[in-house]
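Visitor:
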Amino acid sequence: MISDEQVDFIAEEIRKANVKNEALRDDLIDHMCCLVEIDMDRGVPFEEAYQRAYHQTSPNGYGEIQQETVFLLNYNKIMNMKRLTYISGFAFTLSLTAGVFLKLLHFPGAPALLAIGMCGILFVFLPMLIVLRYKQLAVQVLSERLKWIFGVLSFVLFMVASWMKLTHLMGAGVILGLSFFVFGFGFLPFLFFRMYKASIEKP
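Written out as structure tokens, the structure reads:
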């Protein structure tokens, strides 16, 4: 029979995992206690029974269960958000590409297409993409979050510099140089560090 102290230990471990949904937290505690009690009735020590129940229920941590639960409860909203994000990304990138093409050929309409494409990518597509990735990034290691932060920052600076260059505004070269600096010394080190860590974890 599982003791009150052991129930409290399980509850505290789940609270430490920052499971914010109270109903889910209570269900997890009940589920873990049942699994642990079944093994303890077979003579398995509490510590081993808890580890078995943990790996059976949430091998990647309790936070993963919370993410999956939120995803299932908000599936339609999340899918609509994803569709809108990538459709807008395609549309604004196409506008930007067409603007560059028309600009190179000195055709009319290039400035408008460039402005629509760049503003759409910077102020519509990127914010929506960041919102989609935020919850995943929040539970990831610092190096993964920094990789995304520096990557997005360098891309934004590059887009702004490109727009300034195409419209012959002053300061474009400085911002372009800054974008390459952030990309080279901010994004790339964390990118290859994460690739290195992944190669060690999964040889």
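Each residue of the sequence shown is one higher than the one before, starting from 0 at the first, in numbering that gives the first Met the number 0.
For glycine and all other residues, C-beta sits at the position ideal for the given N, C-alpha and C.
Note that the structure is predicted; figures quoted are calculated from it, not measured.
1) Express the C-alpha separation of Tyr61 and Ala16 in angstroms, rounding to a whole number.
2) Spatial neighbours of Leu165 within its chain, please: CB distance less than 7 Å, with the 5 preceding and 5 following residues excluded, ordered by chain position.
3) From Phe91 to Arg132, what distance separates their C-alpha atoms?
4) So, at 6 Å on beta carbons, what are the nonlocal neighbours of Leu152 in its own chain, with the 5 sequence-adjacent residues on each side left out?
5) Please report the straight-line C-alpha distance between Pro110 and Gly98, rounded to a whole angstrom.
6) For His30, report the span of its alpha helix (DSSP H) as first-last.
7) Can you round the beta-carbon distance between Phe149 and Phe189 to whole angstroms, since I take them to be within the 8 Å contact cut?
8) Quick one: which unbroken alpha helix (DSSP H) runs of 4-plus residues sit fully inside the stretch 131-173? Chain order, please.
9) Would DSSP call Phe106 helix, strand or coil?
10) Using the Cβ count rule (16 or more neighbours within 10 Å means buried), how would you classify Thr96?
11) Applying the criterion that 16 or more other CB atoms from any shown protein chain within 10 Å of the CB defines a buried residue, is Gly116 buried or exposed?
12) Grab me the residues of Ile120's own chain with a C-beta within less than 8 Å of its C-beta, minus the 5 sequence neighbours each way, in chain order.
13) Please name the residue, chosen from Asp40, Asp38, Gln5, that lies closest to Ile28 on a Cα-to-Cα basis.
14) Measure the C-alpha to C-alpha separation of Val130 and Cys32 and round it to an integer number of angstroms.
15) So, with DSSP's three-state summary, where would you put Val99?
16) By Cβ distance below 6 Å, which residues in the same chain neighbour Thr68 in space, the five residues on each side in sequence not counted?
Guide: Straight from the coordinates:
1) 6 Å
2) Lys102, Leu113
3) 20 Å
4) Val181
5) 7 Å
6) 21-40
7) 6 Å
8) 141-165
9) coil
10) exposed
11) buried
12) Gly88, Phe91, Thr92, Leu95, Met158
13) Gln5
14) 36 Å
15) helix
16) Leu23
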